[in-house]
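Sequential numbering of the sequence shown, starting at 1, is according to UniProt numbering. Shown next, in structure tokens, is the structure this report addresses.
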Amino acid sequence: MKRRNFLKLSAAASAVTCVVGCGSSNDDKPETPEIPEIPENPYPDGTHFSACLVNCGSNCPIKYHSKDGVITQIETDYALEDQYGNHQVRACVRGRSLRQRTYAADRIKAPMKRVGKRGEGKFEEISWDEAFETIASKVTTLRDQYGPRSIYFHYGTGAYYGFNSANALKRALGASGGFLSSYSNYSWAQINAATPAILGDRTQSGSYLSEIANSDLFLGFGFNPFEIRMSGSGEQYDMLNALKTNPNLEVLLVDPRYTDTAVGRASKWYGIRPGTDGALAEAIAHEMISSGWVEQNSKAFIDKYAIGYDRESLENLKAEIEADSEHKLTKYKDLIDVEENYKDYILREGKYAGEELHDAAWAATVTGIDEIRIKEIAQKLMSSNAPYISIGAGTNRHACGEQTVRSLYMLPILTGKIGQPGTSNGALPRNYGRGTSGGLGQLNDQRAQISFFTWAEAIERGAEMDVLHDGVSRLDSDELDENGNGVLGTNIKAVFSAAGNALINQHSDINHTRKILEDESKCELVVVCDCWMTPSAEFADILLPDTTWLETNDLAGDSYASGQTGYVTFMKGIKPLYNARSMYQIGLGMAKAFGVEAAYSEGKTEEQWLEDAYQATKSRNSDWDMPDTYAEAQEIGVFRNFAPSTYIAMKSFIDDPENNPVTTPSGKMEIFSLDWAHKADTLIMRSDKPYDQITPLPEYTVPWQGYEDVDTKDDYPLQLAGYHTKGRTHSSYHNVPWLREAVEDALWINPQDAGGMANGTQVIVESPNGKIQVPIKITPRVMPGVVALGQGAWYKKGANDVDVGGCINTLTNYHPTPVSKGNPQHTIRVRINKA
Ligand SMILES: Nc1nc2c(c(=O)[nH]1)N[C@H]1C(S)=C(S)[C@@H](COP(=O)(O)OP(=O)(O)OC[C@H]3O[C@@H](n4cnc5c(=O)[nH]c(N)nc54)[C@H](O)[C@@H]3O)O[C@H]1N2
Ligand SMILES: Nc1nc2c(c(=O)[nH]1)N[C@H]1C(S)=C(S)[C@@H](COP(=O)(O)OP(=O)(O)OC[C@H]3O[C@@H](n4cnc5c(=O)[nH]c(N)nc54)[C@H](O)[C@@H]3O)O[C@H]1N2
Ligand code: SF4
Ligand SMILES: [Mo]
Numbered sequence: 001m002k003r004r005n006f007l008k009l010s011a012a013a014s015a016v017t018c019v020v021g022c023g024s025s026n027d028d029k030p031e032t033p034e035i036p037e038i039p040e041n042p043y044p045d046g047t048h049f050s051a052c053l054v055n056c057g058s059n060c061p062i063k064y065h066s067k068d069g070v071i072t073q074i075e076t077d078y079a080l081e082d083q084y085g086n087h088q089v090r091a092c093v094r095g096r097s098l099r100q101r102t103y104a105a106d107r108i109k110a111p112m113k114r115v116g117k118r119g120e121g122k123f124e125e126i127s128w129d130e131a132f133e134t135i136a137s138k139v140t141t142l143r144d145q146y147g148p149r150s151i152y153f154h155y156g157t158g159a160y161y162g163f164n165s166a167n168a169l170k171r172a173l174g175a176s177g178g179f180l181s182s183y184s185n186y187s188w189a190q191i192n193a194a195t196p197a198i199l200g201d202r203t204q205s206g207s208y209l210s211e212i213a214n215s216d217l218f219l220g221f222g223f224n225p226f227e228i229r230m231s232g233s234g235e236q237y238d239m240l241n242a243l244k245t246n247p248n249l250e251v252l253l254v255d256p257r258y259t260d261t262a263v264g265r266a267s268k269w270y271g272i273r274p275g276t277d278g279a280l281a282e283a284i285a286h287e288m289i290s291s292g293w294v295e296q297n298s299k300a301f302i303d304k305y306a307i308g309y310d311r312e313s314l315e316n317l318k319a320e321i322e323a324d325s326e327h328k329l330t331k332y333k334d335l336i337d338v339e340e341n342y343k344d345y346i347l348r349e350g351k352y353a354g355e356e357l358h359d360a361a362w363a364a365t366v367t368g369i370d371e372i373r374i375k376e377i378a379q380k381l382m383s384s385n386a387p388y389i390s391i392g393a394g395t396n397r398h399a400c401g402e403q404t405v406r407s408l409y410m411l412p413i414l415t416g417k418i419g420q421p422g423t424s425n426g427a428l429p430r431n432y433g434r435g436t437s438g439g440l441g442q443l444n445d446q447r448a449q450i451s452f453f454t455w456a457e458a459i460e461r462g463a464e465m466d467v468l469h470d471g472v473s474r475l476d477s478d479e480l481d482e483n484g485n486g487v488l489g490t491n492i493k494a495v496f497s498a499a500g501n502a503l504i505n506q507h508s509d510i511n512h513t514r515k516i517l518e519d520e521s522k523c524e525l526v527v528v529c530d531c532w533m534t535p536s537a538e539f540a541d542i543l544l545p546d547t548t549w550l551e552t553n554d555l556a557g558d559s560y561a562s563g564q565t566g567y568v569t570f571m572k573g574i575k576p577l578y579n580a581r582s583m584y585q586i587g588l589g590m591a592k593a594f595g596v597e598a599a600y601s602e603g604k605t606e607e608q609w610l611e612d613a614y615q616a617t618k619s620r621n622s623d624w625d626m627p628d629t630y631a632e633a634q635e636i637g638v639f640r641n642f643a644p645s646t647y648i649a650m651k652s653f654i655d656d657p658e659n660n661p662v663t664t665p666s667g668k669m670e671i672f673s674l675d676w677a678h679k680a681d682t683l684i685m686r687s688d689k690p691y692d693q694i695t696p697l698p699e700y701t702v703p704w705q706g707y708e709d710v711d712t713k714d715d716y717p718l719q720l721a722g723y724h725t726k727g728r729t730h731s732s733y734h735n736v737p738w739l740r741e742a743v744e745d746a747l748w749i750n751p752q753d754a755g756g757m758a759n760g761t762q763v764i765v766e767s768p769n770g771k772i773q774v775p776i777k778i779t780p781r782v783m784p785g786v787v788a789l790g791q792g793a794w795y796k797k798g799a800n801d802v803d804v805g806g807c808i809n810t811l812t813n814y815h816p817t818p819v820s821k822g823n824p825q826h827t828i829r830v831r832i833n834k835a
């Protein structure tokens with residue numbers, strides 16, 4: 001049978017797989033669903049495991065059948081009897097469409113060089129050797145002229161391999177003279193800054209989601225595992241099963257959208273205007289404090305475990321520091337203003353007297369949630385014995401995300417219940433996580449880093465970008481002045497991107513980035529390694545075609561948000577298609593061209609590297625009964641187990657704060673952040689606008705393009721809430737027609753805002769930064785005054801610079817946040833007109 005016919009045949013067979021919410025079971029169905037009979041496998045000799053390695057946090061195992069090197073059918077894990085706790089890690093709708101993705105028409109089939117202007121998308125096939133030599137000679141010239149920091153390797157999360165990752169290309173660049181790297185990420189930049197300030201430790205996590213089985217109140221902000229953690233063993237499945245054991249749990253969800261998590265599960269949905277959660281948190285805090293509840297119920301807890309709640313707490317701290325000249329906090333002493341305490345701030349007393357009260361009546365006008373319903377949330381929180389509070393990352397990807405997240409962290413602190421069964425501290429839920437070991441080190445001796453978000457700015461003014469203003473980090477000590485400041489020293493002249501679409505599609509303000517990249521004199525070399533011709537790939541000078549997951553031998557851990565099941569998959573690929581090569585081989589080719597092959601390969605073949613990584617992974621997971629060789633493990637495919645015990649956030653700290661302090665400067669939770677007081681004193685801000693400031697206390701701040709923003713409110717009357725849609729993982733899987741049919745890319749708009757337009761009307765959505773064209777979907781699932789659009793659709797430039805691909809980043813703004821220099825990609829104001 002010809003390949004085309006095979007594809008047709010199995011398309012029909014797979015079309016019955018689930019379209020939405022692919023958990024191991026579905027909560028609408030009876031508790032023990034009938035497992036459909038598994039059809040007899042027609043190709044037993046070609047059945048192997050691969051994995052879906054996108055950045056959704058799960059890396060689900062994929063079982064595939066092939067014949068004569070052609071994939072004929074995709075299945076998922078059905079190895080076990082499927083009882084929760086020992087259950088299948090089934091792939092979601094995206095993983096199940098992998099055959100379409102592998103054979104997509106827009107695969108990059110051979111190495112190519114650009115022939116038109118940059119970004120035009122005109123390419124000519126070249127040999128691998130020419131590709132490697134062009135890269136090596138250009139990088140060497142640029143390094144000689146501008147130094148290694150002019151070579152930047154950008155963020156990319158499209159391929160969570162254990163071994164064959166973008167690290168291979170970084171290793172070739174590292175071994176040959178080094179490159180500039182980045183810190184933090186597009187996911188959690190503001191959380192990564194806010195969490196250490198108030199709770200300590202960036203990796204501080206929340207309780208396992210199954211702890212909600214012991215809770216009497218769930219309160220989630222931008223919390224949506226049923227769309228963002230869709231794996232059959234992911235967080236949504238842990239939540240679903242815990243809810244079954246605790247059906248009376250009250251679930252309150254705060255989100256501008258009525259999400260899939262809310263459907264059938266939320267007791268109450270509170271539609272909130274984007275970027276205003278801090279206002280809601282302050283109003284709830286006001287209810288809890290002004291009523292005397294905190295004084296009676298949680299004051300002792302707060303005094304013991306936190307600093308900065310009231311004036312007395314700060315006075316005591318100051319006195320303690322003054323009494324001991326060797327005190328570890330001496331450097332902060334003069335930064336502590338005892339007047340600047342949370343209680344006075346919330347009650348508008350002391351230095352805050354006369355400022356507008358942020359009570360429920362006020363917050364109603366800001367958030368869009370009725371006063372009475374704000375009081376209801378506060379009431380429920382006060383009467384709960386075990387509140388589980390979770391702050392989703394959708395709240396952090398905003399202009400004032402750092403302040404918002406810290407404001408929300410105040411709620412679990414004020415309840416005084418952190419550390420008890422059934423509760424959580426607000427942080428992202430803990431995951432069990434079983435990973436791989438081994439793999440390729442980057443061999444990069446360049447320590448300097450920039451924030452992942454500032455790379456395009458560094459193409460234009462990297463030479464002058466500095467530590468205190470721009471967040472440049474890890475400069476050598478002899479480069480710093482007496483204030484700790486120093487500059488990066490060069491503009492970025494070459495950009496590498498592997499398994500990423502964040503040169504164009506996933507980065508803010510495409511029209512702006514595009515112009516920077518189009519100027520070939522600024523960034524002189526753009527190298528993209530991908531499997532498909534994405535919008536970022538179109539901006540490459542040199543394109544390097546990688547094999548897809550199904551064509552690659554590798555190890556895959558369970559990634560970072562796979563809930564309480566831990567697993568590792570040993571992937572076995574079909575023969576690479578076209579002229580694609582694995583990233584290890586691409587890195588090797590680059591290393592040879594640079595003359596550093598020995599350092600790169602250490603004399604080993606790809607197979608030997610994999611075997612070594614297998615042996616390291618086997619010793620790391622010594623509780624699993626794993627075979628002697630990698631080849632044998634590939635035949636078994638998946639190893640797994642369920643977390644042996646529960647995890648309650650910060651329990652060890654609560655049980656013994658002296659011996660298990662948190663990693664804030666004081667060792668306690670810092671409502672008044674000493675570190676941020678220091679940052680406010682030393683860092684140089686982008687402007688004197690409130691949204692560009694840092695304050696030691698969490699304070700609600702009006703974002704640019706926020707609900708109350710006077711500069712944009714009138715011209716752009718609607719707020720646009722971005723979200724991660726189940727039709728894609730970011731931009732990955734956008735080119736799969738089944739998924740485009742299954743999950744419509746349309747702008748959600750409330751009937752009150754649709755102004756008589758019909759469902760499906762094509763509209764131009766315009767922000768101060770650009771225009772896109774999309775159809776509308778009229779639905780009460782988005783609150784009035786707010787429209788919503790799934791992020792990740794592929795940018796496509798149409799007439800008059802209208803993005804007819806409907807990519808949300810044509811609308812977003814480039815404005816790094818004050819502390820993390822992070823991405824405020826959910827803060828957007830728009831106006832809408834018929835196309
Ligand atoms: N299907 C799918 N799954 C994914 C991804 C994907 O692209 N597709 N991406 C993965 C990655 S890398 C990440 S980082 C995570 C992202 O996970 P999240 O950051 O949690 O995802 P978002 O969809 O951005 O935000 C979650 C919710 O926050 C809401 N929201 C937006 N602004 C606000 C606000 O101001 N206040 C409140 N209360 N809610 C707000 C959105 O409507 C959305 O429902 O998801 C991962 N999983
Ligand atoms: N407006 C807005 N923008 C956002 C977000 C948002 O919420 N709103 N979310 C942000 C977040 S949280 C994140 S994590 C980023 C994600 O941004 P990216 O890390 O760029 O994620 P993807 O868009 O999935 O792009 C992954 C790329 O890897 C490629 N790829 C897949 N498999 C392979 C492979 O095996 N080999 C190679 N070489 N390439 C492969 C895919 O084709 C794709 O081009 O986007 C950010 N951008
Ligand atoms: S997209 Fe995520 S949940 Fe879906 S199959 Fe892939 S790894 Fe699993
Ligand atoms: Mo992310």
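Quick reminder that beta carbons are idealized off the backbone N, C-alpha and C, glycines included.
Heavy atom of ligand 2 within 7 Å of residue i beta-carbon
i, result
"Ser60", "Before going on, a small fix: residue 60 reads as Cys here, not Ser. No, ligand 2 has no heavy atom inside 7 Å of this Cβ."
"Ile510", "no"
"Ile832", "no"
"Met583", "yes"
Beta bridge counterpart(s) of residue i as assigned by DSSP
i, result
"Arg114", "Phe123"
"Lys604", "Paired residues: none, contrary to the question."
"Thr729", "Ser732"
"Gln204", "BP columns for Gln204 are empty, so no partner."
Residue span of the alpha helix (DSSP H) that contains residue i, given as start and end
i, result
"Leu408", "401 to 415"
"Asp129", "128 to 146"
Integer Cβ distance of residue i from residue j, believed to fall under 8 Å
i, j, result
"Val568", "Thr436", "6 Å"
"Ala499", "Tyr186", "Not a contact, Cβ separation roughly 14 Å."
"Leu674", "Tyr270", "About 33 Å; that fails the 8 Å criterion."
"Asp655", "Asn385", "Going by Cβ atoms, the distance from Asp655 to Asn385 rounds to 19 Å, so no, they are not a contact pair."
"Gly119", "Arg514", "6 Å"
"Val662", "Leu199", "6 Å"
"residue 862", "Ile574", "Outside the shown range of the chain (1 to 835) lies residue 862, about which nothing can therefore be said."
"Val54", "Thr729", "4 Å"
heavy atom of ligand 1 below 7 Å from residue i C-beta
i, result
"Arg406", "no"
"Phe452", "no"
"His734", "no"
"residue 848", "Residue 848 falls outside the range modelled here, since the chain spans only 1 to 835, and no answer is possible."
Endpoints, the beta strand (DSSP E) within which residue i is located
i, result
"Glu211", "Neither: Glu211 is in no beta strand (DSSP E) and is coded neither H nor E."
"Val765", "762 to 767"
"Tyr567", "565 to 571"
"Ala51", "47 to 51"
"Pro63", "Just to set this straight, residue 63 is Lys in the shown sequence, not Pro. Unbroken beta strand (DSSP E) run through Lys63: 61 to 67."
Any chain D beta carbon closer than 8 Å to residue i
i, result
"Leu252", "The question asks about chain D, but that chain is absent: this structure has only one protein chain."
beta-carbon residue i near ligand 3 non-hydrogen atom, thresh 7 Å
i, result
"Val54", "yes"
"Ser231", "yes"
"Ala91", "yes"
Closer than 7 Å: residue i CB and nearest ligand 4 heavy atom
i, result
"Ser187", "yes"
Cβ contact (3+ pairs, closer than 8 Å) linking the stretch 730 to 747 and the stretch 89 to 103: Enough Cβ pairs lie closer than 8 Å, so yes.
Examine the Cβ distances between the stretch 260 to 276 and the stretch 707 to 716 and report whether three or more of them are shorter than 8 Å. Touching, per the Cβ criterion.
Please confirm if the stretch 221 to 239 is in contact with the stretch 250 to 267, defined as three or more CB-CB distances below 8 Å between the two stretches. yes
Counting beta carbon pairs with one atom in the stretch 178 to 196 and one in the stretch 347 to 364, are three or more of them shorter than 8 Å? no
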